[in-house]
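Residue numbers (this note's numbering), protein chains in the order written: chain A, -12 to 101; chain B, 7 to 120. No residue lacks a Cβ here, since even glycine has one placed at the ideal position from N, Cα and C.
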């Protein structure tokens, strides 16, 4: 049973436009959410996170929105750049406790066209 | 600063062979984990450890063993490889109890079982 879902396997966007990547989760105990970016032949790298006490977190061109009632989060990239082309994974955990287990989604391949 | 180092980068095994995937980190992180990445499945947690001498199972532990004798090292053992274990394996580490930091991932081991 997939607890974290990314229903769009791929997304294509023009350079300079907004990229919106979506993620849904089913476990209401999740209270910390993260986005990772992965280039081919490399490990995922941490991008941005949000805790359930917030509904928005910004870091430069990247903003994550959290809608707890809908169990939905999204990552906005504005403006999109060709270097943003990568696979994006959302991930969720139950608090910052001892286990720190992260459950990942299936990923969305973003292609930013010049 | 090496971060998380995984060896080997590539490996081909015959069905039934055994091998150990190595993972080492130099950041004094308490938490370490192993994930496998498969097409359409995202990153799935195999085993994790919250400190030396402590390990636990993740989502897909069958066919894999781990141990954590030191803070730095977290090897993953395949006792009898099967074609279903063909995958890309990632090791990750983080400070315990603080998802704010996210995980630091290694660059992966691509394993093929024939």
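- Interface residue (Cβ-Cβ distance to chain B less than 8 Å): residue 93 (chain A) is classified as such.
- When secondary structure is reduced to three states using DSSP, residue 18 (chain A) falls in the coil class, being assigned neither helix nor strand.
- Closer than 8 Å to the CB of residue 46 (chain B) there is at least one CB belonging to chain A.
- Spatial neighbours of residue 94 (chain A) in its own chain (CB-CB distance under 8 Å, excluding positions within 5 residues in sequence) are listed in chain order as -7, -4, 25, 74, 75 and 76.
- Ranked by how close their Cα comes to the Cα of residue 31 (chain A), the residues B:117, B:94 and B:119 have B:94 in first place.
- Rounded to the nearest whole angstrom, the C-alpha separation of residue 110 (chain B) and residue 1 (chain A) is 30 Å.
- Chain order gives no chain B residues near residue 6 (chain A), where near means a beta carbon separation below 7 Å; the closest approach is about 19 Å.
- Distances from the alpha-carbon of residue 36 (chain A) to those of A:90, A:88 and A:79 put A:79 closest.
- Residue 38 (chain B): member of the beta strand (DSSP E) spanning 37 to 44, first to last residue.
- Taking the C-beta atoms as reference points, residue 40 (chain B) is found no nearer than 8 Å to residue 18 (chain B).
- The C-beta of residue 43 (chain A) has fewer than 16 other C-beta atoms within 10 Å across all chains shown, which makes the residue exposed.
- Take the alpha-carbon of residue 46 (chain B) and the one of residue 90 (chain A): they are about 15 Å apart.
- With a cut-off of 8 Å on Cβ pairs, the segment 9 to 18 of chain A is in contact with the segment 53 to 64 of chain A, counting three or more such pairs.
- Straight through space, the alpha carbons of residue -1 (chain A) and residue 112 (chain B) are spaced by roughly 28 Å.
- In this chain, the beta strand (DSSP E) harbouring residue 54 (chain A) covers 49 to 54.
- Within 10 angstroms of the beta-carbon of residue 85 (chain B) lie fewer than 16 other beta-carbons, which makes it exposed.
- Non-local C-beta neighbours of residue 17 (chain A) in its own chain, meaning closer than 7 Å and more than five positions away in sequence, comprise 79, 80 and 81, ordered along the chain.
- Remark: C-beta atoms of residue 70 (chain B) and residue 62 (chain B) do not approach each other more closely than 8 Å.
- Residue A:51 holds the alpha-carbon nearest to the alpha-carbon of residue 22 (chain A) among A:101, A:51 and A:-12.
- Annotation for residue 9 (chain A): the continuous beta strand (DSSP E) segment containing it runs 6 to 12.
- Looking at the DSSP output, residue 57 (chain B) shares a beta bridge with B:60.
- For residue 38 (chain B), same chain residues with a beta-carbon under 6 Å away, outside a window of 5 residues either side, are 55, 80 and 99 in chain order.
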